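Colleague:
Number of protein chains: 2
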Amino acid sequence: MRIALAQVNPTVGDLAGNAALVIAKVREAAKAGAELVVFPEVVLSGYPPEDLLLKGHFLEGCRKELAALAQTCNGIIAVVGVPLLEGRDVYNAAAVLANGKVAEIYRKIWLPNYAVFDEKRYFEAGSEVLVLQLPDLRVGINICEDIWEECGPTEEAGLAGGAEVVVNMSMSPYHVGKGAERQAMLAKRAADAAAFICYLNGVGGQDELVFDGQSLVLGPTGELLARGRQFEEQLLVVDLDPAAARGLKGKECPRSSWPLRVADVAPDAPVGAGRATREAGANAGEGVASAAEPYGLMAAALSPDAEVYRALCLGVHDYVLKNRFRHVVIGLSGGIDSALTACVAVSALGAGCVTCVSMPSRFSSTGTKSDARELAERLGIDFREIPIETLFEAYLGSLGPYLAGRTPDVTEQNIQARIRCNILMALSNKFGWLVLTTGNKSEIAVGYTTLYGDMAGGFAVIKDVPKTLVYRLAAYRNSLDDRPGPIPASTLERAPSAELAADQTDQDTLPPYGLLDQIIDAYVVRDESVEEIAALGVPLAEVERVIGMIDGNEYKRRQAAPGVRITPKAFGKDRRLPITNRFRG
Amino acid sequence: MRIALAQVNPTVGDLAGNAALVIAKVREAAKAGAELVVFPEVVLSGYPPEDLLLKGHFLEGCRKELAALAQTCNGIIAVVGVPLLEGRDVYNAAAVLANGKVAEIYRKIWLPNYAVFDEKRYFEAGSEVLVLQLPDLRVGINICEDIWEECGPTEEAGLAGGAEVVVNMSMSPYHVGKGAERQAMLAKRAADAAAFICYLNGVGGQDELVFDGQSLVLGPTGELLARGRQFEEQLLVVDLDPAAARGLKGKECPRSSWPLRVADVAPDAPVGAGRATREAGANAGEGVASAAEPYGLMAAALSPDAEVYRALCLGVHDYVLKNRFRHVVIGLSGGIDSALTACVAVSALGAGCVTCVSMPSRFSSTGTKSDARELAERLGIDFREIPIETLFEAYLGSLGPYLAGRTPDVTEQNIQARIRCNILMALSNKFGWLVLTTGNKSEIAVGYTTLYGDMAGGFAVIKDVPKTLVYRLAAYRNSLDDRPGPIPASTLERAPSAELAADQTDQDTLPPYGLLDQIIDAYVVRDESVEEIAALGVPLAEVERVIGMIDGNEYKRRQAAPGVRITPKAFGKDRRLPITNRFRG
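In order, the protein sequence lines correspond to chains A and B. The opening position of the first sequence corresponds to residue 512 in the working numbering, with each subsequent residue numbered one higher. The opening position of the second sequence corresponds to residue 512 in the working numbering, with each subsequent residue numbered one higher.
1) So C662 (chain A) is in the beta strand (DSSP E); what residue range does that whole segment cover?
2) Can you check DSSP and say which residues form a bridge with Q644 (chain A)?
3) Inspect the CB distances between the segment 527-542 of chain A and the segment 1068-1075 of chain B and report whether three or more fall short of 8 Å.
4) What residues from chain A crowd round M512 (chain B), counting only those whose CB sits closer than 8 Å?
5) From P997 (chain A) to T979 (chain B), what distance separates their C-alpha atoms?
6) Assign Y625 (chain B) to buried or exposed, taking buried as 16 or more other Cβ atoms, counted over all protein chains shown, within 10 Å of its Cβ.
7) In the structure shown, what three-state DSSP assignment does M1060 (chain B) receive?
8) Can you find a CB in chain B that lies within less than 8 Å of the CB of T877 (chain A)?
9) So G528 (chain B) contacts chain A; which residues on that side make the cut at Cβ distance below 8 Å?
10) Quick one: which chain B residues come within Cβ less than 9 Å of A937 (chain A)?
11) Please check if any C-beta of chain B sits within less than 8 Å of the C-beta of N624 (chain A).
12) Short of 9 Å Cβ to Cβ, which residues in the segment 710-725 of chain B face chain A?
13) Restricting to runs no shorter than 3 residues, where is the beta strand (DSSP E) found entirely within the segment 738-763 of chain B?
14) Give the residues of chain A in contact with V523 (chain B), contact being defined as C-beta atoms less than 8 Å apart.
15) For chain A, find out if any of its Cβ atoms is closer than 8 Å to the Cβ of Q1070 (chain B); answer yes or no.
16) Could you work out which residues of chain B lie near A535 (chain A), taking near to mean beta carbons separated by less than 9 Å?
17) Measuring only the C-alpha atoms, how far is T1016 (chain B) from G916 (chain B)?
18) Take the Cβ of E790 (chain A) as the centre, count every other Cβ of all protein chains shown within 10 Å, and call the residue buried at 16 or more, exposed below.
19) Return the first residue and the last residue of the beta strand (DSSP E) that Y602 (chain A) is part of.
20) Quick check on the burial criterion: 16 or more other C-beta atoms within 10 angstroms. Buried or exposed for R837 (chain A)?
21) Verify whether the separation of the beta carbon atoms of E719 (chain A) and G1083 (chain A) is less than 8 Å.
22) Residues of chain B with CB closer than 8 Å to the CB of E561 (chain A), please, in chain order.
23) Of the choices A:A609, A:D647 and A:L608, whose alpha-carbon is the least far from that of R513 (chain A)?
24) Compile a chain-ordered list of the residues in the segment 1036-1058 of chain A whose CB is closer than 9 Å to at least one CB of chain B.
25) In chain B, what lies closer than 9 Å to T901 (chain A) by C-beta?
26) Are any of the Cβ atoms in chain A nearer than 8 Å to that of G498 (chain B)?
27) Rounded to whole angstroms, what is the Cα-Cα separation between A482 (chain B) and Y558 (chain B)?
28) Quick one: measure Cβ to Cβ for A905 (chain A) and A905 (chain B), integer angstroms, because I've assumed they're closer than 8 Å.
29) Between G950 (chain B) and chain A, is the shortest Cβ-Cβ distance under 8 Å, so that the two count as touching?
30) Does the beta carbon of N834 (chain B) come closer than 8 Å to any beta carbon on chain A?
31) Run through the segment 655-715 of chain A for me and flag every whole beta strand (DSSP E) of 3 or more residues, listed as ranges in chain order.
32) By the 10 Å Cβ neighbour count, where 16 or more other Cβ atoms means buried, how is P1050 (chain B) classified, buried or exposed?
33) Quick test of your reading: V868 (chain B) and L935 (chain B), contact by CB under 8 Å. State the CB separation rounded to the nearest angstrom.
34) Quick one: which residues of the segment 551-578 of chain B get their C-beta closer than 9 Å to a C-beta of chain A? List them in chain order.
35) Comparing the C-beta of R917 (chain B) with each C-beta of chain A, is any distance below 8 Å?
36) From what residue to what residue does the alpha helix (DSSP H) around F550 (chain B) run?
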């Protein structure tokens, strides 16, 4: 049995474009001799379509594309994800296309409604496990969250339903280490279901989410047979021998909560008509994993730092291009955050698509000014310098009567950051460039950033990257080059400073970043209390001070640009706290 | 049977403060001779607590406050809303406090997960209808959404459970006309359940939501017996005669999906021990509705414009004060949007808490400059003028090399708006004032507004008010005064203009506001398609142009300040569209 996993990158709302992408991959899979080709969850709409699902005409559009698509599927079975309106209910559905029509529908049973997920807002839950009876094997079909459920639809398909292969279509958002989590879960699921698992995950960036691909194929005892590439499209083609699973059946299904339906899918045209080209499978550019060479399609797993860097690049690439921008502009301070942001932008888009602007003030050091220029030169990007001193003086003059007699404070610092916002946004407006912001997770957490100042921009590249990880990623980026990397050593070594006042460093206001990042991880990601965090060895008063800063800056984060999520909990859809909130602790 | 409905205003996260509020109202209700006092949904946490519910120590705090509170409840039964952790599950619960302890728990069955609601993210659904057997009557208890369900827990309590009274504790968000919707629904529910309905709705502003109070008491044939005040706290005390309901029983319960539990609540201390003061009920400041004088507690229903104006005032008042601000600052252009915003701020906070700043440019007319000053004088508020011409020149100078040779466009317009942002934010930072923004729903819908410019600020007062309604509300505000109202006639009559370029009016870019607001209502609020909207008589090309503007400005709205929701669908938690989105139509 030859199965193709179409690890593709759809665009939310582009129904015609996504349908065309599916058709192209169906043809490619048929040419590679596959009998069955699988696409990601709701590939026709893109994921997550959010409130587009409340529009009747959007759902009607999905239905039309699906019907047209079905007509093109002959000689191969295609399993395609689509949001499907039936009566008054909408389902997260897998349509099984065969013989030029929609042969079967599976409806997702487990609807995630936590973290970044809101599926119960949109979908009704399915209630039936589906197994396809093909001429030579049984294939269970389920969708994303379904397979994470222990003793769920997967085991039921494999044991009660006798499926030798269970196919799961996912759009599973990335965070660091997610691949290993998935593989461990799938190994257990495969063994428990005594079935091959074909786990197909889509790829691409969608607002704050990145889908990392990395589809996995496991054997019926849980062994890994193939791994798709991370952060890239791929058509992964595997040969599976159903007999290997059959010998393992006979266990009782541990739970059977749903009705099981076994549906015949009997092709008019011989399934695998393309099989004549089977030996040419490798010529489709992808190779075929088989029992004889099971590891032929094993993409190397990236290191954690490489993985995060690639996630940021894909997130930026897709946000920029799917929103039809062609060029970005970045304020370059000479510090490490904007340096890393510029590196990611160049990796994602190419040096010709990136402009950097240095906007020095009276507080900018010679070192940071020359580091900014040096970085731009090494990256080969357009570089401009627009000093803000005259503008700063003009504000101090205009506001003079109101500020007179008051000690300079954060007010004067923020004025500078907001001048820079105005300059970058003017270039953005005039030339149609997208402004990339440069704030990291640590400073956004505690509000060490200026609203309408350095926070201003369309996309926040390292918004979910804690400062300690910023350093690691900068070192990683530099290590990619044989010659010294693009980020000057002095940028890496200088004490962090916002350079908005004389002799300022971040640590005047904040605890050391190593400590701060520990507190943020405990408080933001793990929802621990003051007492629990203090138990890590941090003085209670310091924990309370930091948490007070985090809570007190919710209003800023609510007005922040979206950015790439790389941790299990980012400041975005997965953290929904009230602004008006008196709870402390 | 004397029942008190405590229409109170809790604060999200202020567990101790909310508990103190409950204790004070329990005492007041007892003093008024009530046997039972009801509080809003999750009154101890405030609503909605959002992701505070994911913190174990927050839930533990709720449990502690509830336990302490129970000890204070003797001689009266209190029904108190609380998020309740049981095992690993969290319920939206009603705790019945009697004899100094938690006597019973009801768990909300219907969890709303649409529009602004995310309750399935947090809560497990209850599965049992609860009826309290008191010495002299049966009282059904349910929570908010439960009562909106036809043939739901209300009918089951009233018919299968024999309850003469059904108490519903709500936090029901306001939109214009919501009161009439609720009353019509409750009249049907009361008649179908053959029971009195005591519908208690909390009051207050919480971020974008306003809860309007307006609790309702209906008799068992659906007649309205009492209406609480809108947008104000109130202890509404009513006398109900259970015999009036008993005569209507005997219908079959049309559906019985949940187990029914009838729980004895037998007070140690005589319930209604405070009844000696019964005749003094009116002395508690609230009066008592009774069969003899059923309309004694009938608050007058406000007109639609008055209702919206009051909603805006409460929203501003609570956002400002619950976030511990004491003063606001507003940029005053001389146009109608900022004029209305200033009026609302003064109504909400008092003239002494409002500063207005006029920031004229070369494009500001004599008329708007003098209107701004005139409005401030009539409102009696602090007024300052900070011209931006010097600053604008300085930007044009600094950016000159980059803008040279290019036609002036929206870039130069936005620079001015962003200068004003920087000035207002400097005052905010220096003096601790909250910036109120002045954009209306029509311009936020189509993006006719500057990100980091006039959009900048902490709270967007008229964000959900379409321009046509802005005019009506301005006229309404002026009508409140005997002498000519605060808004100059010339402000009301002048053609709307952003005054960011020479001879500019809004209608250079936008369709007439009457038409625009129709399109926005159809597209945003009702999710209609291009074709459906064109069928209203609008040229198809114009619909497509406007919808393109709406879709293309999602990125701006994502960075907008929160503002008061007054329509069934605002740009906030109830409209969740992807930024990256190729769907058009």
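Here a beta-carbon is modelled for each residue, glycine too, at the ideal position from N, C-alpha and C. Since the model is a prediction, treat every value here as computed from it, not as a measurement.
Modeller: Inspection of the coordinates gives the following:
1) Start at 1 with the first residue of the first sequence, and residue 662 (chain A) comes out as number 151. Premise fails: C662 (chain A) is in no beta strand (DSSP E) and is neither H nor E.
2) Here residue 644 (chain A) is taken as the residue at index 133 of the first sequence, counted from 1. In DSSP, Q644 (chain A) forms a bridge with A:R649 and A:D775.
3) no
4) Mapped onto the second sequence, residue 512 (chain B) falls at position 1. Those within 8 Å of M512 (chain B) in chain A number zero; the least Cβ separation is about 36 Å.
5) Numbered from 1 along the first sequence, position 486 holds the residue referred to as residue 997 (chain A). Numbered from 1 along the second sequence, position 468 holds the residue referred to as residue 979 (chain B). If I take the Cα positions, the gap works out to 55 Å.
6) Here residue 625 (chain B) refers to the residue found at position 114 of the second sequence. By the 10 Å Cβ count, Y625 (chain B) comes out exposed.
7) Residue mapping note: residue 1060 (chain B) aligns to position 549 of the second sequence, counting from 1. Residue state, collapsed to three classes: helix.
8) To locate residue 877 (chain A), count along the first sequence from 1; it is residue 366. Closer than 8 Å: no.
9) As a working mapping, residue 528 (chain B) is identified with position 17 in the second sequence. In chain order: R1093.
10) Locating residue 937 (chain A) in the first sequence gives position 426, counting from the first residue. Within chain B, the residues near A937 (chain A) are Y906, L910, Y913, L914, T922, E923, N925, I926 and R929.
11) Along the first sequence, one-based indexing puts residue 624 (chain A) at 113. N624 (chain A) belongs to the set of residues whose beta carbon lies under 8 Å from a beta carbon in chain B.
12) Here the close residues are G716, Q717 and D718.
13) 745-750
14) For this step, residue 523 (chain B) is matched to residue 12 along the second sequence. For V523 (chain B), the chain A residues whose Cβ falls inside 8 Å of its Cβ are P1089, T1091, N1092, R1093 and F1094, in order along the chain.
15) Here residue 1070 (chain B) corresponds to residue number 559 of the second sequence, with the count starting at 1. Yes, Q1070 (chain B) counts as interfacial toward chain A.
16) Position 24 of the first sequence holds residue 535 (chain A). In chain order: nothing, as chain B lies at least about 17 Å away.
17) Start at 1 with the first residue of the second sequence, and residue 1016 (chain B) comes out as number 505. Start at 1 with the first residue of the second sequence, and residue 916 (chain B) comes out as number 405. So the alpha carbons of these two residues sit roughly 26 Å apart.
18) Here residue 790 (chain A) refers to the residue found at position 279 of the first sequence. In this prediction, E790 (chain A) has a pLDDT of 37, which is less than 50 and means its spatial position is unreliable; what the coordinates show is noted afterwards. Flag for E790 (chain A) reads exposed.
19) Sequence index remark: in the first sequence, residue 602 (chain A) carries index 91 (1-based). Start and end: D600 to A609.
20) Locating residue 837 (chain A) in the first sequence gives position 326, where the first residue counts as 1. Exposed, since its Cβ has fewer than 16 Cβ neighbours within 10 Å.
21) Sequence index remark: in the first sequence, residue 719 (chain A) carries index 208 (1-based). Sequence index remark: in the first sequence, residue 1083 (chain A) carries index 572 (1-based). Yes, Cβ-Cβ distance for E719 (chain A) and G1083 (chain A) is below 8 Å.
22) As a working mapping, residue 561 (chain A) is identified with position 50 in the first sequence. The answer, in chain order, is R1087, L1088 and P1089.
23) Indexing the first sequence from 1 puts residue 513 (chain A) at position 2. Checked all of A:A609, A:D647 and A:L608; the closest Cα to R513 (chain A) is A:D647.
24) Result list: D1038, E1039, S1040, V1041, E1042 and E1043.
25) Here residue 901 (chain A) refers to the residue found at position 390 when the first sequence is read from its first residue. A905, G908 and S909, listed in chain order.
26) Only positions 512 to 1096 of chain B appear in the structure, and residue 498 (chain B) is not among them; the question remains open.
27) Chain B is shown only over 512 to 1096; residue 482 (chain B) falls outside these bounds and no answer can be derived.
28) Counting from one through the first sequence, the residue named residue 905 (chain A) turns up at place 394. Counting from one through the second sequence, the residue named residue 905 (chain B) turns up at place 394. That belief holds up - the Cβ atoms of A905 (chain A) and A905 (chain B) are roughly 4 Å apart, short of 8 Å.
29) Reading the second sequence from its first residue, position 439 is the one you call residue 950 (chain B). Taking Cβ atoms only, chain A never reaches closer than 8 Å to G950 (chain B), which makes this a no.
30) Your numbering for residue 834 (chain B) matches position 323 in the second sequence. Judged by the 8 Å Cβ criterion, N834 (chain B) is in contact with chain A.
31) 676-681 and 707-712
32) If you number the second sequence from 1, residue 1050 (chain B) lands on position 539. Under this definition P1050 (chain B) is an exposed residue.
33) Reading the second sequence from its first residue, position 357 is the one you call residue 868 (chain B). Reading the second sequence from its first residue, position 424 is the one you call residue 935 (chain B). Confirmed, about 6 Å.
34) S556, G557, P559, P560, E561, D562, L563, L565, K566, G567, H568, F569, E571 and G572
35) By 1-based counting over the second sequence, the position of residue 917 (chain B) is 406. It does: the Cβ of R917 (chain B) has a partner Cβ on chain A nearer than 8 Å.
36) In the second sequence, the residue the question calls residue 550 (chain B) occupies position 39. F550 (chain B) -> no alpha helix (DSSP H), and no H or E assigned at all.
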